[in-house]
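Remarks on the structure that follows.
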Amino acid sequence: MKKKLLFIFLTFLFTLVSCSSESVKSDSPDYIKESFDYFISIKSLVKSVNDGEEVDKAVKSNFEKQSEFNEWIDTNYDPNDEPSEEAVLISHFHLIKTLLENLVIFSASKSLGVEDVDISSPISSLENSLSNLESIYEEYGYEPKD
């Protein structure tokens, strides 16, 4: 009887936790829902580059929606927006867009034989912005897959 009661309690607890998590995600603002896939793609891209993959290949294999992302940034970014969580999130993505462009330029320069080109600076800046974004997503129950 005790085992059955414990089993029912644990089942109820796991159900409650999973329902709670889903409602957090479904109740999250549109800008969180719309941008999370971009966040995951960019995080994968940075991981691939850190693992030694060439930048161009990493962009192609991890960030298929880059043009859609650029459009989303162009539509939503306004430097004159009032300070808000949404404005901070979009500003981070605007910075990420610029850093990705720099990363591609640095990589192309390096492949053309330009000396003293170091892609670690844009990568480090990307990681910092991704870390800040991750804390915002975690507030809404979104957890990036590593």
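Sequential numbering of the sequence shown, starting at 1165, is according to the numbering used here. All residues carry an ideal CB built from backbone N, CA and C; glycine is no exception. Quick caveat: nothing in here was measured; it's all calculated off a predicted structure.
With a minimum length of 4 residues, the unbroken runs of alpha helix (DSSP H) contained wholly in the region 1209-1282 fall at 1219-1226, 1230-1240, 1249-1275. Nearest to Leu-1259 by C-alpha distance, out of Ile-1206, Tyr-1304, Pro-1193, is Ile-1206. Annotated three-state conformation of Glu-1307 is coil, per DSSP. Lys-1224 has its alpha-carbon roughly 21 Å from the corresponding atom of Asp-1282. Around the CB of Val-1278, fewer than 16 other CB atoms lie within 10 Å, so the residue is classed as exposed. Between the alpha carbons of Asn-1234 and Ser-1199 lies a gap of roughly 11 Å.
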